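Sequential numbering from 103 applies to the sequence shown in my numbering.
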Amino acid sequence: MSVWLFFALLAPCLFGLANIFDKVLTNRFSPVTLNIFSGLFTGLFLPLFLFVGHGMPTLAVFAGLAAGAFWFLGGFPYFMAVRIEDISRVVPLWQLTVPMTLIFAILFLGERLSLGNYAALAMIFCGAFLVSMKDLRKTLRITPAFWLMVLAAFIITISSIITKRLYAYESFWDIQLLLMAGNFAAAAFSLAFFSRLRKVSIKEVARSSPGLKALLAGRTVVELLAYVSFNIALLTGPVSLTMVLDGLSGFFVFIVATLVSLWWPALFREELDRKTLLMKAVAIGMIFTGLLLVGG
């Protein structure tokens with residue numbers, strides 16, 4: 103197995119594992135607490151990068167920190183969505199970043215899309231709508247989590263565009279340092295200057311068990327490893343295929359969340375009726391097909 107394929111497959115598995123942890127944690131912590139302390143935990147890794155990042159242009163430093171701050175901000179609507187909706191409905195919606203990136207390219211870079219790209223956009227958006235549909239009083243409606251994830255995907259798309267631009271000029275590890283530093287700085291700023299957020303977050307974490315604290319730290323480690331794996335795959339192999347394989351996280355979460363709901367419902371429970379499972383599977387398949395069209 104090539105280095106690229108290893109990291110391209112590892113990334114969605116790690117992202118999916120972090121997502122499962124997120125669902126467990128949102129039943130114990132508020133979205134604000136989860137996002138702030140996830141950001142703070144990234145600071146623990148900053149000493150590992152003491153010997154990189156020297157001599158970088160000031161503009162690149164600020165751009166990297168901004169990308170990290172956007173990464174942090176995108177966590178708020180994401181954790182809110184996870185708290186109110188099945189994790190297997192939420193995770194596939196991260197793939198909205200793909201059509202959003204294409205739309206940014208059309209609007210600001212003057213790029214022209216092929217017929218296949220437009221078909222991919224339609225497929226991903228249709229899949230996103232379908233996975234967000236719920237049968238409420240025999241009427242199909244879009245869940246509120248969909249709009250939260252649209253906001254989260256939009257914010258993360260901005261972070262991704264800045265990051266991809268930086269890769270053309272700076273080293274891989276320099277950029278990882280800046281992303282984590284920006285994430286940590288935004289979390290620290292939120293904790294320091296917003297007293298209500300500080301009181302709620304500190305109280306929740308202080309009252310939690312050692313096991314929950316360890317899980318909160320562990321999900322951050324898993325997520326960071328997922329981002330590093332994904333970025334290594336981007337740098338060592340085809341970008342389009344890497345993006346396609348990242349879509350496997352939706353399938354991973356769907357399978358694991360269903361098994362958890364069946365065998366360990368005390369952790370969390372999702373809708374398991376046949377109609378809902380079929381709708382989720384078809385929607386995730388549509389999104390993945392759209393990613394294949396983009397990659398093709």
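Ideal placement from N, C-alpha and C gives every residue a C-beta, glycine not left out. Because the structure is a prediction, the values reported are computed rather than measured.
The alpha-carbon of A316 is positioned some 48 Å away from that of L217. By the 16-neighbour rule on beta-carbons within 10 angstroms, D375 is exposed. Counting every other CB atom within 10 Å of its CB across the protein chains shown gives R309 a total below 16, marking it as exposed. For F131, same chain residues with a beta-carbon under 6 Å away, outside a window of 5 residues either side, are E306 in chain order.
Judged by pairs of C-beta atoms under 8 Å, the segment 243 to 262 touches the segment 167 to 183, as three or more such pairs exist. The three-state reading of DSSP puts M381 in helix, counting H, G and I together.
Taking the Cα positions, R321 is about 18 Å away from G170. The straight-line gap separating the alpha-carbon atoms of M225 and P201 is approximately 10 Å. A368 counts as exposed, since fewer than 16 other C-beta atoms from the protein chains shown sit within 10 angstroms of its C-beta.
Residue state for R243 is assigned as strand, using DSSP reduced to three classes. A Cβ-Cβ distance of about 5 Å is found for the pair L119 and V324, placing them in contact under the 8 Å criterion.
Under DSSP, the beta-bridge partners assigned to K236 are R243. DSSP places M345 in the helix class (H, G or I) of the three-state scheme. Y329 and R298 have their C-alpha atoms spaced approximately 30 Å apart. Between G349 and F390, the C-beta gap is smaller than 7 Å, which places the two residues in contact.
Note that the C-beta distance between F147 and M282 is below 7 Å.
One thing to note: I334 has its Cβ no nearer than 7 Å to the Cβ of F356. Taking the CA atoms as reference points, A287 sits about 44 Å from K377. For V358, the closest of A162, N121, G229 and S104 by C-alpha to C-alpha distance is N121. The alpha helix (DSSP H) runs of length 4 or more contained entirely in the segment 271 to 343 are, from start to end of the chain, 274 to 295, 297 to 309 and 312 to 338.
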